[in-house]
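Here's the structure we're looking at; comments come further down.
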Amino acid sequence: MSAELNILKEMGFSEERAKKALQQCGNNSVESAMEWLLAHADDPMDTSEPVSDPTPTQVPAARGDSKDDVAVKQEPPSSPMSGVPCSSKETSENANLDGDQVPQLPKSIKCDDCGRKLRTEAEVEFHAVKTGHQSFSESTEEVKPLTEEEKLEKKKKLEEVIRQRRIEREEKAKKEAIEKEKSRRKVGQEIAHTRQKIEEQEMKKLAEERLREKMEDKLAKQRVLEQIERDKQARRQKFNMDPLPQPVQPAPVQELVAPPKDYSECKLQIRLTNGETLTQTFGAQEQLAAVRLYVQLHRTDGDAPFTLMTSFPRKVFKEEDYEVPLAGLGLVPAAVLIVTKVQ
1 MSAELNILKE
11 MGFSEERAKK
21 ALQQCGNNSV
31 ESAMEWLLAH
41 ADDPMDTSEP
51 VSDPTPTQVP
61 AARGDSKDDV
71 AVKQEPPSSP
81 MSGVPCSSKE
91 TSENANLDGD
101 QVPQLPKSIK
111 CDDCGRKLRT
121 EAEVEFHAVK
131 TGHQSFSEST
141 EEVKPLTEEE
151 KLEKKKKLEE
161 VIRQRRIERE
171 EKAKKEAIEK
181 EKSRRKVGQE
191 IAHTRQKIEE
201 QEMKKLAEER
211 LREKMEDKLA
221 KQRVLEQIER
231 DKQARRQKFN
241 MDPLPQPVQP
251 APVQELVAPP
261 KDYSECKLQI
271 RLTNGETLTQ
281 TFGAQEQLAA
291 VRLYVQLHRT
301 DGDAPFTLMT
311 SFPRKVFKEE
321 DYEVPLAGLG
331 LVPAAVLIVT
341 KVQ
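Its first residue numbered 1, the sequence shown is counted upward by one per residue in the UniProt record's numbering.
So, in structure tokens, the structure goes:
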């Protein structure tokens, strides 16, 4: 097990995530692995994909290979700076070295934009993608390993970032839940308003239909009575019978009566079964059915069947009274109605 993997495990990361982070960052930098872990802290760990040990392994010599072939296969890896162009200044300095002077091998790669030292090409690529920096050069300074204090500090920073991201996710989820609840309530209010409007229209339509049926019944009865009277007259004429004498109308007695005042409005106070009252002004020619509809829409004592009555003079309104105008029932200009439950 590599030293970088042990450092990450000591900082509290699981072995699987530490191995995957080292794989993604070139297996050589604890700092790059920590950056990768920070960037993918919320990603679920895919346990179905095996994670190989970041410790490099040597390829054994196959049977029949010569010693030269084995030596070629076991050739030490190139320096971490292979493939990275050096700056022109360092190239000229290396070209001007004396033959007796041994050049120092580069031990790291330095970012010319921010001065950060990196170990491998994988770290260079990761740093370039993350920061957008493009200028790099070789350096003879070795990247120092992290001390225990630096490990603890990086661990605390990582935990703080993870905690902050968790708080942001929770706040976002709360805001989304609040918006959903507001939307749900708004839709519920719209549905309730639409339902109430439909009920009012249905009740109005039902009242108009009942009024039309009563008028048709009244006209039908009148036609029947007229037909009976015509039949009587026809029978009398057939049998030469004298018509019935018409009753003598008494002479009208003129009385001095004050002309009635014409009221166009009727103010009603309606007492509900729970003791509360409703006050509303209606037209004098509106039917009592309109008052009943108003009570059904605005009552606060439940939805049990009810009827209307007056206490003085005491009168319980029957079904046919609901088609009579308020003026015809003697409720103009003002009256008190009592709501009573149907027994």
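Each residue gets a CB set at the ideal place from its N, CA and C atoms; glycine is no exception.
Distance check for residue 176 and residue 325, CA to CA, integer angstroms please.
Cα-Cα distance, rounded: 55 Å.
Give the DSSP bridge partners of residue 316, in chain order.
Answer by DSSP bridge pairing, in chain order: 309.
Suppose you measure from the CA of residue 207 to the CA of residue 317; what does that come to, to the nearest Å?
Taking the straight line joining both Cα atoms gives about 16 Å.
Should the segment 114-123 be called in touch with the segment 12-20, which here means at least 3 C-beta pairs below 8 Å?
Judged by Cβ distances under 8 Å, the segment 114-123 makes no contact with the segment 12-20, as fewer than three pairs qualify.
Helix, strand or coil for residue 173 per DSSP?
Residue 173 falls in the helix class under three-state DSSP.
State whether the segment 178-198 contacts the segment 263-277, with contact taken as three or more CB pairs (one from each stretch) at a distance under 8 Å.
Contact between the segment 178-198 and the segment 263-277 is absent, because fewer than three Cβ pairs lie under 8 Å.
Comparing alpha-carbon positions, which option in 289, 299, 337 and 329 lies nearest residue 309?
The shortest C-alpha separation from residue 309 is found at 337.
Can you give the Cα-Cα distance for residue 218 and residue 212, rounded to whole angstroms?
The alpha-carbon atoms of residue 218 and residue 212 are separated by roughly 10 Å.
Going by other Cβ atoms of all chains shown within 10 Å of its Cβ, with 16 needed for buried, is residue 13 buried or exposed?
Residue 13 should be labelled buried.
Exposed or buried, what is residue 138 when buried is set at 16 or more other beta-carbons lying within 10 Å of its beta-carbon?
The residue is buried, with at least 16 neighbouring Cβ atoms inside 10 Å.
Excluding sequence positions up to five away, which residues of its chain have a Cβ less than 6 Å from the Cβ of residue 301?
Answer for residue 301: 272, 273 and 274, listed in chain order.
Kindly indicate which three-state DSSP category residue 8 falls into: helix, strand or coil?
Correct three-state label for residue 8: helix.
On a Cα-Cα basis, can you pick out the residue from 24, 34, 26 and 181 that is closest to residue 8?
For the residues 24, 34, 26 and 181, the minimum Cα distance to residue 8 belongs to 34.
Pull up the CB-CB distance for residue 321 and residue 288, whole angstroms please, since I reckon it's below 8 Å.
Residue 321 to residue 288, Cβ: 6 Å. Contact.
Going by DSSP, what residue range makes up the beta strand (DSSP E) through residue 138?
136-139 is the span of the beta strand (DSSP E), which, as asked, contains residue 138.
So for residue 108, helix, strand or coil by DSSP?
Three-state DSSP puts residue 108 in a strand.
Got a sec? Which residues, its chain only, sit under 8 Å from residue 329 by beta carbon, not counting five neighbours each side?
Correct list, in chain order: 288, 317 and 321.
Can you give the Cα-Cα distance for residue 194 and residue 156, rounded to whole angstroms?
About 57 Å.
Grouping DSSP H, G and I as helix and E and B as strand, with all else coil, what is residue 283?
Of the three classes helix, strand and coil, the one that applies to residue 283 here is strand, per DSSP.
Nearest-angstrom Cα distance between residue 233 and residue 202?
In a straight line, the C-alpha of residue 233 is about 47 Å away from that of residue 202.
Looking at the secondary structure, which residues open and close the alpha helix (DSSP H) in which residue 17 lies?
From DSSP, the alpha helix (DSSP H) with residue 17 extends over 15-24.
Run through the DSSP bridge pairs and tell me what residue 144 is partnered with.
None, per the DSSP bridge assignment.
Pick out whichever of 229, 280 and 30 has its Cα sitting closest to the Cα of residue 334.
Measuring from the Cα of residue 334, the nearest candidate turns out to be 280.
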